[in-house]
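Residue 15 is where the sequence shown starts when you use the working numbering, and the numbers rise one by one after that. Positions of the beta carbon are idealized from the N, C-alpha and C atoms, including for glycine. Source: prediction; values computed, not measured.
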Amino acid sequence: MSGSVVRVAIIGASGYTALESIRWLVRHPQARITYLASRQEQQPVSEMFPELLGRIDLPVRPFDAGAIARAADVALVCLPHLAAMEHVPALLAAGLKVIDLSADYRLGDGALYEKWYKHAHTDKVNLERAVYGLPEFFFDQIQAAQLVANPGCYPTAGILGVAPLVREKLAAADDVIINAASGISGAGRTPSQAHHFPERNEAFEPYAIGSHRHGAEIEKTLSRILGQPMQVIFVPHLVPMDRGILATIYLKALPGSSEQAAVAALERVYANAAFVRVRKGPLPSTKFVANTNFADIAVKLYGGRFIVTVAIDNMVKGASGQAIENMNLMFGLPETTGLL
Ligand SMILES: NC(=O)c1ccc[n+]([C@@H]2O[C@H](COP(=O)([O-])OP(=O)(O)OC[C@H]3O[C@@H](n4cnc5c(N)ncnc54)[C@H](OP(=O)(O)O)[C@@H]3O)[C@@H](O)[C@H]2O)c1
């Protein structure tokens, strides 16, 4: 780290999470982007993303761990899974701190990774020491981490919604249903037929019921937070918006619990969480959190169930904003620096 400015490298510069990270970092008062790595031909990044003209003019360079380590203190790895774990070991070995936005280091367990990602994990040493980057529950570990596994977008919303009421013994641990809908940017920038405009426009639909990898990430992380094995029913949906996730979570209320106690529990658990807003007026909406790092949460008691709703922006609290929040913690900066 040079002076009080964190020097940041972004790997996979042409993708959506890279662009979102750049947008936030050019306004961050204590960070400077010093290296942009991509497989694409060298050019100023503003040629890749015209909206960046006049805001950052850095060239886009090939991946070179040594050169990146000379230029930067931390790397945000904005690559697909598999590609991430091909690059992360070299970055760590070169002395950088790393925040990996892919799923490669989130599950903490090679066998579980292989089961869900159908590929052997090739960097088990770092897999085991990676810290899950959800500051609301792993704040101290993130501060001390060299490698942070930035959470998935659905898991961020789901875990924030489920953990408090189960932990505070207001809701049952064995009856958790998460229905969540995501905007299309959640699928990344790489084009595919399924994400072609005529396929997605005006279409709101579920997908990957029982087979979405984020279900495993939610279960694994909730199990760690709550200290008991957790199983959840997780049903993702795609909604024709650019960005945003809304999770509607159904938890069985335990006898004697009340809506008032549930609201109080959320307020207690998130009292020190800079980016969680417990809403008592209007229910969470993707509109209220779009382009912000906030997670909005509310709870209602209805039909013997706590209905917890959580809204985040998948590109910000669900990806790049949370990565910068983690970066702030790893470098001893206030969590909110550059993010409000
Ligand atoms: N989009 C979201 O809402 C979201 C939320 C949370 C987490 N994530 C995760 O964040 C990561 C990046 O997502 P994204 O939405 O930014 O994806 P994206 O828009 O598809 O961009 C990924 C970038 O990675 C590089 N890349 C692709 N395949 C590669 C390969 N085989 N080897 C090396 N580099 C490769 C490409 O950049 P170059 O051509 O410039 O090298 C590509 O632009 C993914 O792991 C994703 O699961 C995304």
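- Note on geometry: alpha-carbon atoms of Ser-60 and Val-283 lie some 42 angstroms from one another.
- In this structure, Ser-206 has its CB at a distance of at least 7 angstroms from all heavy atoms of ligand 1.
- For Ala-51 against Glu-150, the beta-carbon gap comes to about 30 angstroms, at or over 8 angstroms, which does not count as contact.
- Put simply, of Val-330, Gly-318, Arg-319, Val-290 the residue whose alpha carbon is nearest the alpha carbon of Ala-304 is Val-330.
- Close CB contacts of Gln-56 within its chain, under the 8 angstroms cut and outside five residues either way in sequence, are with Pro-73, Val-74, Arg-75, Pro-76 (chain order).
- In this structure, DSSP gives Leu-141 a helical state, which the three-state scheme calls helix.
- DSSP links Thr-262 through a beta bridge to Asn-193, Thr-323.
- Just so you know, the alpha carbons of Gln-44 and Asp-71 end up roughly 18 angstroms apart.
- The beta carbon of Ala-144 sits no closer than 7 angstroms to any heavy atom of ligand 1.
- Burial state of Ile-247 is exposed, judged by a 10 Å Cβ sphere holding fewer than 16 other Cβ atoms.
- When DSSP reads this structure, Ile-113 sits in a beta bridge with Leu-90, Val-162.
- With 16 or more other Cβ atoms inside 10 Å of its own Cβ, Thr-300 counts as buried.
- With fewer than 16 neighbouring CB atoms inside 10 Å of its own CB, Arg-203 falls in the exposed class.
- Nearest Cα to Arg-69 within the set Lys-132, Asp-327, Asp-123, Leu-33: Leu-33.
- In this structure, DSSP gives Phe-248 an extended state, which the three-state scheme calls strand.
- In the DSSP assignment, Val-290 forms a beta bridge with Ala-309.
- Fully enclosed alpha helix (DSSP H) runs of no fewer than 4 residues occupy 59-62 of the stretch 53-84, in order along the chain.
- Among the bridge pairs identified by DSSP, Ala-45 is matched with Val-20.
- Ile-156: member of the alpha helix (DSSP H) spanning 149-157, first to last residue.
- Shortest Cα-Cα distance from Gly-122 to any of Leu-161, Glu-213, Ala-217 involves Leu-161.
- Going by beta carbons, Asn-328 and Cys-167 fall inside the 8 angstroms limit.
- Short note on His-95: C-beta closer than 7 angstroms to some heavy atom of ligand 1.
- Separation of the CB atoms of Thr-48 and Cys-92 is rounded to 16 angstroms, and the pair is thereby denied contact status at 8 angstroms.
- Per the Cβ contact rule, the stretch 179-187 is in contact with the stretch 269-277 (3 or more Cβ pairs under 8 angstroms).
- In this structure, Phe-308 places its C-beta atom within 8 angstroms of the C-beta atom of Phe-289.
- In the DSSP assignment, Met-255 falls outside any alpha helix (DSSP H) and carries neither an H nor an E.
- Counting other Cβ atoms within 10 Å of its Cβ, Tyr-146 reaches 16 or more and is therefore classed as buried.
- One alpha carbon belongs to His-251, the other to Ser-18, and they sit about 42 angstroms apart.
- Note: Ala-267 is bridge-paired with Ala-185 in the DSSP secondary-structure output.
- In the structure shown, Ala-97 adopts helical secondary structure according to DSSP, grouped into three states.
- From the listed residues Gly-295, Gln-54, Ala-195, Ser-237, the smallest Cα separation to Ala-217 is found for Ala-195.
- For Glu-219, DSSP records a beta bridge to Leu-252.
- Ligand 1 has no heavy atom closer than 7 angstroms to the beta-carbon of Ala-86.
- If you compare the alpha carbons of Gly-318, Gly-241, Gly-346 with that of Asp-189, the shortest gap goes to Gly-318.
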